[in-house]
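Heads up: the sequence lines are chains E and F, in that order. Here the first sequence is numbered in the working numbering, starting from 14 and rising by one per residue. Here the second sequence is numbered in the working numbering, starting from 11 and rising by one per residue. Below is one structure; the comments refer to it alone.
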Amino acid sequence: MTLYSFVGLGLILFAVGAAGFFLRRNAVVLLLCIEIMLNAVNLIFAAFARYLYGTEGQVFIFIIMTVAAAEAAVGLGIIIALYGSHRTLDMSIIKELKG
Amino acid sequence: MSADFCGAREGIMETVIFWTLSTLAVVAALAVVFFKKAINGVMSLLAFMLVLAGLYVLMGAPLVAFFQVIVYVGAVLVLFVFVVMLLNLKEASVRKPFAALAGAAIPAVLSAVGVAALAWLALGERTLAKGAFLPPAPGIRQLAVDLFTRHLLIFELTSVLLFAAAVGAIVISRKEKKES
Chain E
14 MTLYSFVGLG LILFAVGAAG FFLRRNAVVL LLCIEIMLNA VNLIFAAFAR
64 YLYGTEGQVF IFIIMTVAAA EAAVGLGIII ALYGSHRTLD MSIIKELKG
Chain F
11 MSADFCGARE GIMETVIFWT LSTLAVVAAL AVVFFKKAIN GVMSLLAFML
61 VLAGLYVLMG APLVAFFQVI VYVGAVLVLF VFVVMLLNLK EASVRKPFAA
111 LAGAAIPAVL SAVGVAALAW LALGERTLAK GAFLPPAPGI RQLAVDLFTR
161 HLLIFELTSV LLFAAAVGAI VISRKEKKES
C-alpha cells in the first residue's frame, strides 16, 4: 500500500469513468461517469496530501466536492429541461448543437 | 488512531483492506458504466462512494470520508435518484456496438496514460521509486486552521459558486412562463 497503489487505482477509476462517458448515451449516466472521474481525482489528491504531509490536498478535495455538487445540481436541472423539450435523454438523438 | 494506525509501519491488515476496497471500487465503477438502467447505475455509484469513503479512512483522511458520505451520498445521489424517479425513464439506452466500445476506450486509456506520464515526470526527482510507505496524515485541527486562514478566500468563493449554482438550477429546471 504505497503512494503508487493509490495513484494507480485513481488512474484506473478515471479511465473507467472516461470510457463510460464516451460509451453511454443516457444523459443521467453521463453525469454519473463525470462523478466517477471527479472521485478518482479526489483519491489521487488525498494520496498526495498524505504523502507530502500537507493540508492543501484535502482542502482541494473539499473545493472539488463543492464544485461537483454544484455541477450535479445544474446538470440535473439541464437534464430536466432537456427532457421537457425533447421527451428523451438519448444523447444520440439530442444533437442540435452538433451542427 | 493516528499514532499507530497510520504509522509508518504497515500492517498486513491494511494491505488486505486496501486491495479489497480497491477491487470493490473498480467493480462498482464498471457497474455504473455497464448497467442498462439509470437507477441501477445510481445505486452502483452509491456503493462506489461508500467504498471510496473507506479508502479515505484507510488513507488517514477521516474528515474527507465524512464529507464524502454527507455530501455525495446524502445530497448528490439523492438528487440523482430524485431526478431519475421524476422523469420515469422507461426505455433503456441502446448500447453501442463493440467497435464503438473500442473507440471509446482508446481516448480513456490515452488520457490515463498521459496523466500517469505527467505524474511520473513531475515526481521523477523524488524518492518515490523505493515504494516509500505513506507517512502519517495531518490532523483535522491543522486542516481546519489551514482551511479558514490561508484558504479563506477560496472557501468564500466556493460558497458563492454554490449559491449561484443552486439559483441557476432552479431557474433552468422550472417551466417557462408565458410572455406577459
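Cβ coordinates follow ideal geometry from the N, Cα and C atoms, glycine included.
Distance between beta carbons of residue j and residue i, contact taken as under 8 Å
i          : j          : result
Ala-60(E)  : Val-20(E)  : 6 Å
Ala-122(F) : Phe-27(E)  : 6 Å
Leu-172(F) : Ala-83(E)  : 5 Å
Val-29(E)  : Leu-62(F)  : In fact, because the Cβ distance is near 13 Å, the residues do not count as touching under 8 Å.
Asn-39(E)  : Ala-48(F)  : 6 Å
Ala-174(F) : Ala-86(E)  : With a Cβ gap of about 10 Å, Ala-174(F) and Ala-86(E) do not count as contacting.
Val-42(E)  : Ile-92(E)  : Between Ile-92(E) and Val-42(E) the Cβ distance is about 11 Å, and since that is not below 8 Å, they are no contact.
Phe-35(E)  : Ala-126(F) : Wrong, their Cβ atoms sit about 19 Å apart, outside the cutoff.
Val-42(F)  : Leu-45(E)  : 5 Å
Where residue i falls: helix, strand or coil (DSSP)
i         : result
Asn-98(F) : coil
Thr-15(E) : strand
Ala-18(F) : Any reading at Ala-18(F) must be qualified, since the residue scores a pLDDT of 46, below 50, and its modelled position is unreliable; no value is offered.
Residue-level contact to chain E via CB, residue i, 9 Å cutoff
i          : result
Met-95(F)  : no
Ala-57(F)  : no
Gly-178(F) : yes
Val-83(F)  : no
Leu-4(F)   : Residue 4(F) is absent from the structure shown; chain F starts at 11 and stops at 190.
Val-79(F)  : no
Phe-76(F)  : no
Leu-73(F)  : yes
Leu-111(F) : yes
Leu-60(F)  : no
Gly-70(F)  : yes
Residue i at chain F interface by Cβ criterion, 9 Å
i          : result
Glu-148(E) : The structure shown does not extend to residue 148(E), since chain E spans only 14 to 112, so no value can be given for it.
Heavy atom of the ligand COA within 8 Å of residue i beta-carbon
i          : result
Leu-167(F) : Only the bare structure without any ligand can be found here, which leaves the ligand COA out of the picture.
**Prompt:** Closer than 7 Å, Cβ to any Cβ of chain E: which residues of the region 19-31 of chain F, in chain order?
**Reply:** Glu-20, Glu-24, Thr-25, Phe-28
**Asked** If you measure beta-carbon to beta-carbon, which residues of the region 86-109 of chain E are closer than 9 Å to chain F?
**Response** Ala-86, Val-87, Gly-88, Leu-89, Gly-90, Ile-91, Ile-92, Ile-93, Ala-94, Tyr-96, Gly-97, Thr-101, Leu-102, Asp-103, Met-104, Ser-105
**Item:** Proximal residues, the region 153-175 of chain F versus chain E, C-beta separation under 7 Å
**Value:** Leu-153, Asp-156, Leu-157, His-161, Ile-164, Thr-168, Leu-171, Leu-172, Ala-175
**Prompt:** Could you give the uninterrupted runs of the alpha helix (DSSP H) lying entirely in the region 31-66 of chain E, keeping only those of 4 residues or more?
**Reply:** 40-64
**Message:** Which residues of the region 118-129 of chain F have a Cβ closer than 7 Å to any Cβ of chain E? Give them in chain order.
**Reply:** Ala-118, Val-119, Ser-121, Ala-122, Val-125, Ala-126, Ala-129
**Whole runs of the alpha helix (DSSP H) within the region 19-101 of chain F, excluding any shorter than 4 residues** = 22-44, 48-68, 72-77, 87-97
**Item:** Contact list for the region 35-56 of chain F against chain E, Cβ threshold 7 Å
**Value:** Ala-35, Val-36, Ala-39, Leu-40, Val-42, Val-43, Ala-48, Gly-51, Val-52, Leu-55
**Asked** In the region 36-56 of chain E, which residues sit with their C-beta less than 8 Å from some C-beta in chain F, listed in chain order?
**Response** Leu-36, Arg-37, Arg-38, Asn-39, Val-41, Val-42, Leu-44, Leu-45, Cys-46, Glu-48, Ile-49, Asn-52, Asn-55, Leu-56
**Complete beta strand (DSSP E) runs within the region 62-91 of chain E (minimum length 3 residues, chain order)** = none
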